[in-house]
Amino acid sequence: MSVEVGNTSRVFFREAICRAVGETLDAEPNAILMGQDVGAFGGSYKEFYGLFERFGPARVRDTPVAESAMVGLGVGAAAAGVRTLVSITYMDFVLLALDPLVNYAAKARFKTGGQIRVPMVVKVTAGAKGQGVAHSQSLESWLMSVPGLQVVAPSNVADAYGLMRSALQADGPVVYVDHKRLFPTSGLLSTLPHEVPFGLAVVSRPGRNATIVTHSYMVSVALAACEQLAVDGIDCEVIDLRSLAPLDLDTICTSVSKTGVLVTLEEGQVVCGVGAEIACRVQARLGPVKVSRLGAVPAPVSSNPVLEAASLPDAARVADAVRHLTTEGK
Amino acid sequence: MLYKLLLPGPIADLSEVRVLEWHGSPGTQFHAGDLVVELDTHKAVVEMRASSHIVLRKILIEPGDWQRVGEPLAIVSDSADEPLPERAEDLAQASATYEMV
Amino acid sequence: MIASNDTDALTAMLLARGLEAVLSRRADCGFQLLSGGQEAVAVGVACALLPKDQLLCSGRSIAPALARGLDPGSVMAELIGRSSGPCLGRGGRGHLSQPSSGFFGAHAVVAGNLSIAAGVALAMQARGDGNIAVCLFGDGACGAGALHETMNIAALWRLPLLLVCDNNLYSVSTPRAAALAPQRLSDLAAPFAIEARTVDGMDVRVVRAAALELATRVRRGAGPAFLECISRRFASHSTSARETRQPQELAADRELDPITRLENALLSEGALSAHAAQALREQVRARVKAACAFAEASPLPVPHEAFADVG
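Protein chains in written order, with our numbering: chain H, 1 to 330; chain V, 1001 to 1101; chain Z, 2001 to 2311.
Below, the structure is given as structure tokens:
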């Protein structure tokens, strides 16, 4: 298996994050990383491995289980000029931190007339992977509507690095959403420092017959669905959002103008989901198009493997939805 | 007899590894329990140890390089003088122990 | 920032009282939480601060902002929603803020500013600049998990944070005993081995001395401290909350007026003449009048500022 292609090397997903964070801690002498088990343990997903040894306990701080205070401290320190990265192991527990995140961080710049900025990143890990109803949620749609908050979600190694670099250079609060099922993956990463800008989606797979708009782990589910659909002669375009707030409507509309079919795919709930927002905005701009929104079934996600699998979108379900939309009326 | 040394699958949640360090070179003899190679995974380091006497004959995956679970990492043999084969894939699997640390 | 002498403390309390009195008579007063009766806490604490310390507070922010030295005109402008306020009229009383003056400011969520203040202290610790963060909050915040989480981390990390509980004995209409199990709120700090005091919040000299003592400890790196100041809230919780207390209780509270107390002490000690006291009051009246004139002459924000500086 190739190691280096040009100026790239193959790394684990966690290493892409670690590299971006390490580069920032290096560049900003006071910046602080905090969260549960981020120190000597190296991060719940080993995504901060080696940083404690490199930067020490004042810069890489283990916190008690107290997400509200953890994020509040991250907010206050950032507001006072020390950039912070607060790591929350499960996205489900960002709920405990909504007060400092939404009521302070997202409001600070506006409410103080621009005097206070909060350059803080809250990194959360979403997704269902056998851990049960309160350790499985994808809640990014709840956050993308908060004015003052940016929300990004990488689907691969290169974007995990590039989006984290950008997040750690932002001058306002960012929620960085990775996913449990992305950590076992690897990918090629340029050895040169670089950023992935917010508000720019990418076409992961060009196609003519339908547009699947998705993000995070569901990108690989969409791509797998495309393989199945290709057998039936249905050629799908997959758009990886990368950034939920700000949202790249232009790239989505360019695609849907071409294909006439929009399928939104997310692991979170469809009600008031990412897809609901996209479907509305696309149709406001382009007029009526064929739309289907895919997401988790409206139920908590059990740790039981049979029930978990039944709750979440998979390649077969996605392919079925696309087939239905592209063949109806023919 | 010659064997292929590999990390056998399927392993839940693990599809590929990166070689961290070989604790020997072609010709090195390993006894039962000796650490042969350390492999990096997305979660932990895997220590692969010999479960009986073997000789490391050819390293197929160098440190820093990647390999899929179930695919050969090296060729080992019972004795040092057995001639090397063309392909590692056809060899029997070496017995070894694996521990995540 | 005001100096720590008594005349300045008296002036600062008079300024807060005077500005709030004028504000509450205005038709455009809006929704306000007034500090009447609690001026000694704000002023006493402010006396202990150095220029680069940061003061944070709850929604009861007018006396703290003025005590910290913010210009009364710009404070009044912010309170009546004019764009020459420090927050450009967008924050109002609930989010009054001017970090460049050491007033990181108000946050209207009860207990919402506590972990923020700890974060400000963390930044100060990271930079090793010798400054401290001070957070004013009421008894109403003491039942919130945020206080306990903040004290735990602040103690563990020895953050340069001074927590000041302005205990005016009521959370809107709920008396302390109906809301909080501990009688003495400084006891809340004990499980975290945080140095704590309870003092008379109606005596600015007492508050000042305690605040100075604890601020010095905190500044030296001894870790956080907790100062409970027992005060009295002369008016109801807010301009829209109805009064629930009996006239006798309110009258008894007025007997403890911190302004009268300090003024009488200075007069009887010979530190201030009756004539000088009168002159002081007139100066304050003039400053309040000027503040109002400045605020009234300031423009309202334009509507498109509703989308400005969002993020």
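Even for Gly, the Cβ is constructed at its ideal location relative to N, Cα and C. None of these values were measured; they are calculated from a predicted model.
Check	Outcome
Residue-chain proximity (MET104/H, chain Z), Cβ-Cβ < 8 Å	For the sequence presented, residue 104/H should be read as Tyr rather than Met. With 8 Å as the cut-off, TYR104/H counts as an interface residue toward chain Z.
GLY187/H vs ASN209/H beta-carbon contact at 8 Å	no
Inter-residue Cα distance where the pair is CYS2047/Z and GLY2221/Z	20 Å
Partner residues on chain V for LYS46/H, Cβ-Cβ distance less than 8 Å	HIS1042, LYS1043 and ALA1044
According to DSSP, residues forming a beta bridge with ALA131/H	Per the sequence shown, residue 131/H should be read as Gln rather than Ala. Bridge partners of GLN131/H: none, in fact.
Contacting residues, own chain, Cβ-Cβ under 8 Å from THR251/H (five flanking each side not counted)	LEU200, ALA201, VAL202, VAL203 and ILE239
C-alpha distance - CYS2292/Z paired with PRO2086/Z, whole-angstrom precision	15 Å
Integer-rounded CB distance, given that ARG2254/Z should sit under 8 Å from PHE2234/Z	7 Å
Cβ contact (3+ pairs, closer than 8 Å) linking the region 2245-2261 of chain Z and the region 2082-2096 of chain Z	no
Proximal residues of chain H, C-beta to C-beta of GLY2223/Z below 8 Å	Residues of chain H passing the Cβ test: none, with the nearest at roughly 15 Å.
Below-8 Å beta-carbon distance, SER186/H vs any chain V residue	yes
Three-pair Cβ contact test at 8 Å for the region 91-98 of chain H versus the region 138-155 of chain H	yes
Sequence ranges, alpha helix (DSSP H) only - wholly within the region 2148-2192 of chain Z, length at least 4	2176-2179
Supposed close pair ALA1050/V, PRO1072/V - CB separation, criterion 8 Å	Their Cβ separation, rounded to whole angstroms, is 16 Å, which puts ALA1050/V and PRO1072/V out of contact at 8 Å.
Length of the line joining the Cα atoms of ASN304/H and GLU1038/V	33 Å
Where VAL3/H falls: helix, strand or coil (DSSP)	The predicted position of VAL3/H is uncertain, since its pLDDT is 49 and thus under 50; no value can be drawn from it.
Cross-chain neighbours of ILE2230/Z in chain H, by beta carbon under 7 Å	None at all; the shortest Cβ gap to chain H is about 27 Å.
Reduced DSSP category for LYS1043/V - H, G, I as helix; E, B as strand; rest coil	coil
ALA2108/Z versus ALA2306/Z, ARG2060/Z and ALA2067/Z, residue with shortest Cα-Cα distance	ARG2060/Z
Per-residue DSSP class, three states only, for ASP1078/V	coil
Chain-ordered chain V contacts of PHE12/H [CB-CB under 7 Å]	HIS1042
Chain C residues whose Cβ lies nearer than 8 Å to that of PHE183/H	Included in the structure are the protein chains H, V and Z, with no chain C among them.
Beta-bridge partners of THR2198/Z, as assigned by DSSP	GLU2228/Z
Identified DSSP bridge partners for VAL274/H	Paired residues: none, contrary to the question.
Under 9 Å (Cβ pairs) to chain H, residues found in the region 1010-1022 of chain V	ASP1013, LEU1014, SER1015, GLU1016 and ARG1018
Ordered list of alpha helix (DSSP H) runs contained in the region 2089-2140 of chain Z, each at least 4 residues	2114-2127
Minimum Cβ-Cβ distance from ASP99/H to chain Z less than 8 Å	yes
Coil, strand or helix - PHE12/H by DSSP	strand
Residues near ASN2152/Z in its chain [Cβ-Cβ closer than 7 Å; skip 5 each side]	PHE2192
8 Å Cβ cutoff, ALA2065/Z in contact with chain H	no
Meets three-Cβ-pair contact criterion under 8 Å: the region 2153-2171 of chain Z and the region 2129-2143 of chain Z	yes
Amino acids of chain Z, ordered along the chain, whose beta-carbon sits closer than 8 Å to that of ARG205/H	Ordered by position in chain Z, no residue passes the 8 Å Cβ test against ARG205/H, which lies about 32 Å from the chain.
Alpha-carbon to alpha-carbon, GLY2069/Z and ARG2184/Z	31 Å
Neighbourhood of LYS1058/V by C-beta distance below 7 Å, restricted to the same chain and skipping five residues each side	PRO1026, ALA1074, ILE1075 and LEU1084
ALA362/H versus GLU2243/Z: straight-line alpha-carbon distance, rounded	Not covered by the structure: residue 362/H. The range shown for chain H is 1 to 330.
Environment of TYR1098/V [buried if 16+ CB atoms lie within 10 Å]	exposed
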